[in-house]
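First comes the structure, then the notes that go with it.
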Amino acid sequence: MKDLKKFGLEPKLHDLFCAIPDDSVLTPYQIASILVRSEETIRRWCRKGKLPAYNWGGKYAIMGSDFKIFMQTSHNKKDNIGKFFK
């Protein structure tokens with residue numbers, strides 16, 4: 001990803017994700033709905049530190065800006081990249 005950025009070829013984030021305000025607070029349920037994944041998958045990403053989140057009492061809150069960075073830097077399978085990046 002860093003080499004792509006160096007040459008000005010960094011993938012542009014899809015409009016769906018760009019529309020999320022940076023200061024919004026998202027729940028695992030909301031992110032799971034956007035990505036068509038289970039809530040448990042999102043919580044697992046948070047527990048493992050893959051998706052930055054605030055955690056208290058087993059509840060997670062993810063900032064919109066952190067979610068967008070996560071999406072832009074995630075390494076998706078080649079056939080899934082088209083779903084998230086233009």
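For the sequence shown, UniProt numbering begins at 1 and goes up steadily by one. All C-beta atoms, glycine included, are put in the ideal place defined by N, C-alpha and C. Because the structure is a prediction, the values reported are computed rather than measured.
In whole angstroms, what separates the C-alpha of residue i from that of residue j?
i     : j     : result
Gly57 : Leu16 : 30 angstroms
Leu35 : Ala19 : 15 angstroms
Leu26 : Lys59 : 11 angstroms
Ile69 : Ser24 : 14 angstroms
Arg37 : Ser74 : 15 angstroms
CB-CB under 6 angstroms to residue i, same chain, minus the five flanking residues each way: which ones, in chain order?
i     : result
Tyr54 : Ala61
Pro52 : Asp66
Pro21 : Gly64
Glu39 : Pro28, Tyr29 and Ala32
Please confirm whether residue i and residue j have their CB atoms less than 8 angstroms apart.
i          : j     : result
residue 88 : Pro28 : Any answer about residue 88 is impossible in this case: the structure gives the chain only from 1 up to 86.
Please determine whether the Cβ atom of residue i lies at a distance below 7 angstroms from any heavy atom of the ligand MG.
i     : result
Leu35 : Judged by which ligands are present, the structure shown has none, so any question about the ligand MG falls away.
Ordered along the chain, which non-local residues of its own chain (more than five positions away) have a Cβ less than 7 angstroms from that of residue i?
i           : result
residue 104 : Residue 104 is absent from the model: the chain starts at 1 and stops at 86.
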